[in-house]
Structures are given as structure tokens and as C-alpha cells.
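Working notes for the structure below.
Protein chains: 2
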Amino acid sequence: MELFYAYETDGRFCRLDADESGHCIRVLRHRAGDEIHVIDGLGTMFRCRLTDDSPKGAEAEVLEAFPGWGGHPYRLTVACCPTKNNDRFEWFVEKATEVGVDRIVPTIGERSERKVYKTDRALRIALSATKQSLKARIPEIAEPVSVKDFICTDAPCHSERSEESLKLIAYCFEGDTRRISIQEALRGYQGSDVTILIGPEGDFSPEEARLAVEHGYIPVHLGASRLRTETAAVLAATAVYLAFE
Amino acid sequence: MELFYAYETDGRFCRLDADESGHCIRVLRHRAGDEIHVIDGLGTMFRCRLTDDSPKGAEAEVLEAFPGWGGHPYRLTVACCPTKNNDRFEWFVEKATEVGVDRIVPTIGERSERKVYKTDRALRIALSATKQSLKARIPEIAEPVSVKDFICTDAPCHSERSEESLKLIAYCFEGDTRRISIQEALRGYQGSDVTILIGPEGDFSPEEARLAVEHGYIPVHLGASRLRTETAAVLAATAVYLAFE
Numbered sequence: 001m002e003l004f005y006a007y008e009t010d011g012r013f014c015r016l017d018a019d020e021s022g023h024c025i026r027v028l029r030h031r032a033g034d035e036i037h038v039i040d041g042l043g044t045m046f047r048c049r050l051t052d053d054s055p056k057g058a059e060a061e062v063l064e065a066f067p068g069w070g071g072h073p074y075r076l077t078v079a080c081c082p083t084k085n086n087d088r089f090e091w092f093v094e095k096a097t098e099v100g101v102d103r104i105v106p107t108i109g110e111r112s113e114r115k116v117y118k119t120d121r122a123l124r125i126a127l128s129a130t131k132q133s134l135k136a137r138i139p140e141i142a143e144p145v146s147v148k149d150f151i152c153t154d155a156p157c158h159s160e161r162s163e164e165s166l167k168l169i170a171y172c173f174e175g176d177t178r179r180i181s182i183q184e185a186l187r188g189y190q191g192s193d194v195t196i197l198i199g200p201e202g203d204f205s206p207e208e209a210r211l212a213v214e215h216g217y218i219p220v221h222l223g224a225s226r227l228r229t230e231t232a233a234v235l236a237a238t239a240v241y242l243a244f245e
Numbered sequence: 001m002e003l004f005y006a007y008e009t010d011g012r013f014c015r016l017d018a019d020e021s022g023h024c025i026r027v028l029r030h031r032a033g034d035e036i037h038v039i040d041g042l043g044t045m046f047r048c049r050l051t052d053d054s055p056k057g058a059e060a061e062v063l064e065a066f067p068g069w070g071g072h073p074y075r076l077t078v079a080c081c082p083t084k085n086n087d088r089f090e091w092f093v094e095k096a097t098e099v100g101v102d103r104i105v106p107t108i109g110e111r112s113e114r115k116v117y118k119t120d121r122a123l124r125i126a127l128s129a130t131k132q133s134l135k136a137r138i139p140e141i142a143e144p145v146s147v148k149d150f151i152c153t154d155a156p157c158h159s160e161r162s163e164e165s166l167k168l169i170a171y172c173f174e175g176d177t178r179r180i181s182i183q184e185a186l187r188g189y190q191g192s193d194v195t196i197l198i199g200p201e202g203d204f205s206p207e208e209a210r211l212a213v214e215h216g217y218i219p220v221h222l223g224a225s226r227l228r229t230e231t232a233a234v235l236a237a238t239a240v241y242l243a244f245e
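Chains as they are written, first to last, in the working numbering: chain A, 1 to 245; chain B, 1 to 245.
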């Protein structure tokens, strides 16, 4: 099943941008009258009939709409410090999108070697992984923010929902006895809105960890293995995915 | 903490090959008398004193041995069909090694687009990920075998242990009601030896799935998300890792 992304839809027609149109018309050779499947990136998949097969700007008429298509029963924000090697962070974006994440926030820690992060490539990867994994909602890729600002100012993933969000911070301080396993933290939570904070290669600073705990973050560990930043981020997203199965 | 791999050790001395010696002596500038940490790749980490700092073939005297260092409380074999794109399979090798896997078997399915797989790069990646994630045991990378041969002839991961191995096959046949979630399968298992079979992009053939079930494999699903082959393989390894936490 091939999905196309509509940059614009009114619920009756879907419009594809030049990239998507070129792929649909030039590469896959769809023609007016063909049935195609289109996502709005916000959670709805449309079964459509192609009405305009222009390779620069194709248009399709909606035959049927599937709201919440390919969704998951939780709301997950992963705030993760970008890795020195961009490919590793982008790999995390792809894998977290496949597994199921709602928002990715690149956070810059005091010990981050990478202090600047451009989101353009991550946005393309998130779109492509969303289509590839048959989801209708593209995860939000936020603009980079410092770890401290994220901890202090971040709004819940879904502001309309009243439930308390479960906020977790995974750090590696040796001998820190406050940490519980991420599964234990998830088992004890009845809601569906989870935020996980993953540090840089050099871990969080004690000050960042203290601030997080002050703001209601639960310190967790991800088990006995020593994981790279991007592996820890994907494992944390996977633990949430499995906990809500 | 930096680890070096000894291609040869008698428990009293560890010998590093040219690559490891060059990294230890030329790059990190260790000299005779320095204390270094060496793994044998079989599960033991040695605290050593460097006795010969030749960059072609360094040698170190064992001061202390730590058997089972960085190990995990299960034995996991992941048999996975190599992806069209080699990088994706090698990414799985790296991530599964970080999380904790004992044996990786590249299997060739009837629907595999890649019918040939060379293990040399995967072996290097497994070694590097083992050192990076502070483990002493390098996962075995088996030679490629067909899915059917693997199902019919594979010996348990640890032949000496008597317990029955839990054998799981993850496939995506729509409407197959026999499948249970991988967590459910793991919850119902009291042993510690797990084998997971992950198919190619085109999934297993019905014949391969039938054969697996005949040979005691439990059909499992990995949740609602549609995952790439390498993502499914890492998610399955992560589910085992979390189940034994």
C-alpha cells in the first residue's frame, strides 16, 4: 500500500505538492481516475480518486476518510539531545516514527557536544517513515530547545487533556538509588500521556537532573546495558509502545 | 572506559591483533606499564598491565579477571533475513549487540530479495558495538542459512542447557488469529533461552510459516505498527531484554 501526503485538504479534495505529485504521477504512473491513498499528516487517511494528474501539483477527490488511521493508544513525547553524528539522531527519528511517537524535541544539554540542530532533514525522515509504516499522523519535530528550558516550560503533549502526564528522565549517574526501571514507571501509570527525556553522550549535568526531578520527572534507568543516546531513545519509545499493547 | 579485544589469551596474558594494538598504542598512546581493560569476546573482561607496547602486536599481563562481565540473564538468538539495504541489517547488528543478543543468524527466506550475505562487516560492527556498550562477549554472527534449514536444523543456543528453548516467529499475515503478542509469549515462559525468527521485507512464505509452527515456533506479532525488517528485529530483541529486566 502506497501513501501520499497532502499538504492541503478540505476533507473533499487533497492536494499533493511537487515532490509527492512527481512520485505519484512520474514514478508510479498514476493517472486521473486511479484510486490512491492520501494522508493529511494529522491522523486521517483518505481513500481518493485522482482527479488531476499533473506531476507538479496533483489533486484527488476524497471517497472515504479514516480518522485516527494507524494511530496508537498513547501520546508520547521524546525529548532527546542530538548526537554528534547526525545520522544517529535521524535514525532515531525514523525508528521512533515507525514504532509510534507523537512529538520529538531536540534538546541541547549542558554537556551536549552538538549545540545546534537543524530540523529540516528530520522532518523529511519523519514524513517518509510515517508513510512507510502506514500511519496518517506525522510526528511533530520541534525546534531545538535547551534541556533546562524544556524541563521548565514544556507544555503537555495534548493541552486539552486533563490527565497528568508521566514525565521520565533517563540518566546514568552511577549509584543513583532513586532510579526505577522504565517498565516499573510505566506499570504504575494509568494515563496515556508520556514524556521521556534522554540526555547527550556525556549524560545530563547533575543540575539538569536535579531540575527535572524538581519539576516532577521520575528518574528511570533503561536496564543494565550501556546504550548509545539514540539507542536509549528508541528503546524508551519501544518500552512505551509495548506497555500500551 | 576503553576496552580492547584480545584475539588470544591464556588467562595470564592477553594478545592484541594489529588493529587493536595500533588503536591502543598509536592512537591512545598507551605504554608498557599502563593499566588497560581487555575482553576475550567470550564473556570475560581482564584488568591488565601492558607489558609489550608494540603497535603491531601488543601484549598485556592479566591482573584481574571478571567472568560474565556485562552479560545478560538470557540467551537470545535472532534469526533475521538480511535487508536489501545492507546498512539497515548492520544497524540491527549494532543495536541488538548494544541491547544484548548472543547470536545473530542471517537467514534467507523464499521471498528474500537478498539471497547472499557476507558476514565480515557485521562481525566488525558486532565487535565495535560490544566494546562500546561495555560487554565482554561478542555475539556470534552465523553464516547465512535458508529459513527452512534454520527451522529444521538449528541447534539450541546453548546445547548444554536442558531447558526447552522458546522459539518465536514474527510474521504479518493479515487475519492470522494464531498470533499472540511477543510480550504475552515471553510472559508465559519460565526459561531463559529465546530464539526469534524475523522475515524479509516480503514476509515469510506460508510454507515457511507452516514449517516453523510444525517445529514448535510460536507465531507472534510485534504490535499494531508496521515495522521494517530491521526495526522488527531490534524491537523483538528489546522486548526480550525488557522482559528479563
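Using N, Cα and C, we set each Cβ at its ideal position, and we do this for glycine too.
Proximity below 8 Å, CB of residue i to CB of residue j
i	j	result
B:SER181	B:GLY223	yes
B:LYS95	B:GLU201	no
B:ALA129	B:THR97	yes
B:ALA212	B:ILE151	yes
A:ALA58	A:ILE25	yes
A:PHE92	A:VAL234	yes
B:HIS61	B:PHE13	The sequence given here has Glu at residue 61 of chain B, not His. Yes; because the gap between Cβ atoms is below 8 Å, this pair is in contact.
A:ALA136	A:GLY43	yes
A:PRO106	A:ASP176	no
A:HIS72	A:PHE244	yes
A:THR238	B:THR229	no
Cβ neighbours of residue i in the same chain (closer than 6 Å, five flanking residues each side left out)
i	result
B:LEU3	HIS37, ILE39, LYS131
A:TYR7	ASP17
A:GLY100	HIS72, TYR241
A:THR9	ASP40
A:ALA79	VAL105, THR107, PHE150, LEU197
B:ILE125	GLU90, VAL93, GLU94
A:LEU168	ALA185, ILE196, ILE218, VAL220
A:TRP69	MET45, ALA136
Other residues of its chain near residue i: CB distance less than 8 Å, five sequence neighbours each side excluded
i	result
B:MET1	HIS37, LEU134
B:GLY127	Per the sequence shown, residue 127 of chain B should be read as Leu rather than Gly. The residues are TYR5, GLY41, ILE138.
A:GLU208	GLY109, GLU110, VAL147, LYS148, ILE151, GLY199
B:SER205	GLY109, GLU110, ARG111
A:LEU166	ALA185, LEU186, TYR189, GLY191, ASP193, VAL194, THR195, ILE218
A:GLU113	LYS84, PRO200, GLU201, GLY202
B:PHE66	THR44, MET45, PHE46, ARG47, ALA136
Spatial neighbours of residue i in its chain, beta-carbon cut-off 7 Å, leaving aside the 5 residues before and after
i	result
B:GLU164	GLY191
A:LYS56	ALA18, SER21
A:LYS115	ILE108
A:ALA232	ALA170, ILE198, LEU222
B:HIS158	Any reading at B:HIS158 needs caution, since the residue's pLDDT is 48, under 50, leaving its predicted position unreliable; the model's value is listed next. Once the five neighbours on either side are set aside, the close Cβ partners of B:HIS158 are ARG75, ASP193.
B:ARG161	With a pLDDT of 49 at B:ARG161, under the threshold of 50, the predicted position of this residue should be treated as unreliable, though the coordinate-derived value follows. Cβ within range, chain order: ASP193.
B:ARG178	PRO219
B:LEU28	GLU2
Terminal residues of the beta strand (DSSP E) in which residue i lies
i	result
B:LYS167	166–170
B:THR51	44–52
B:PRO287	Within the shown structure, residues of chain B are numbered from 1 to 245, placing residue 287 of chain B beyond reach of any answer.
A:ARG246	What is shown of chain A runs 1 to 245, which leaves residue 246 of chain A out entirely.
B:GLU113	Per DSSP, B:GLU113 belongs to no beta strand (DSSP E) and is neither H nor E.
B:ILE39	35–39
B:ALA6	3–9
A:VAL194	193–198
B:HIS221	218–221
Where the alpha helix (DSSP H) containing residue i begins and where it ends
i	result
A:CYS152	147–153
A:LEU235	229–243
A:ARG75	Segment 75–80 is the beta strand (DSSP E) holding A:ARG75; no alpha helix (DSSP H) there.
B:PHE89	86–99
B:ILE125	120–132
B:PRO206	206–214
A:ILE182	182–187
Under 9 Å from the C-beta of residue i: neighbouring residues of chain D
i	result
A:SER181	The question asks about chain D, but that chain is absent: this structure's protein chains are A and B.
request  = Can you give me, in chain order, the residues of the segment 81–99 of chain A that have a beta carbon less than 8 Å from any beta carbon in chain B?
outcome  = From the segment 81–99 of chain A, only TRP91, LYS95, GLU98, VAL99 have a Cβ closer than 8 Å to chain B.
ask   = Counting Cβ pairs closer than 8 Å, one from the segment 47–62 of chain A and one from the segment 19–39 of chain A, do we hit at least three?
value = Two segments are said to touch when three or more pairs of C-beta atoms, one from each, lie closer than 8 Å; by this definition the segment 47–62 of chain A touches the segment 19–39 of chain A.
ask   = Would the segment 106–124 of chain B and the segment 139–150 of chain B be scored as touching if the rule is three or more Cβ pairs under 8 Å?
value = As far as the Cβ criterion goes, the segment 106–124 of chain B touches the segment 139–150 of chain B, which means the pair count is three or higher.
query = Between the segment 220–243 of chain A and chain B, which residues of the former have CB atoms less than 8 Å from a CB of the latter, in chain order?
reply = For the segment 220–243 of chain A, the residues whose beta carbon sits under 8 Å from a beta carbon of chain B are, in order, GLY223, ALA224, SER225, ARG226, LEU227, ARG228, THR231, VAL234, LEU235, THR238, ALA239, TYR241, LEU242.
request  = Taking only beta carbons into account, state which residues of the segment 183–203 of chain B come closer than 7 Å to chain A, listed in chain order.
outcome  = With the criterion set as a beta carbon lying under 7 Å from some beta carbon of chain A, the members of the segment 183–203 of chain B are GLN183, in sequence order.
task = Name, going along the chain, the residues of the segment 131–144 of chain B whose beta-carbon falls closer than 9 Å to a beta-carbon of chain A.
result = Within the segment 131–144 of chain B, those residues whose Cβ lies closer than 9 Å to any Cβ of chain A are, in chain order, GLN132, SER133, LEU134, LYS135.
task = Below 9 Å between beta carbons is the criterion; list the residues of the segment 31–64 of chain A that meet it against any residue of chain B, in chain order.
result = When C-beta distances to chain B are compared with 9 Å, every residue of the segment 31–64 of chain A stays at or above that value.
inquiry  = At a CB distance below 9 Å, what residues from the segment 161–175 of chain A approach chain B? Give them in sequence order.
reply    = Hits within the stretch: zero.
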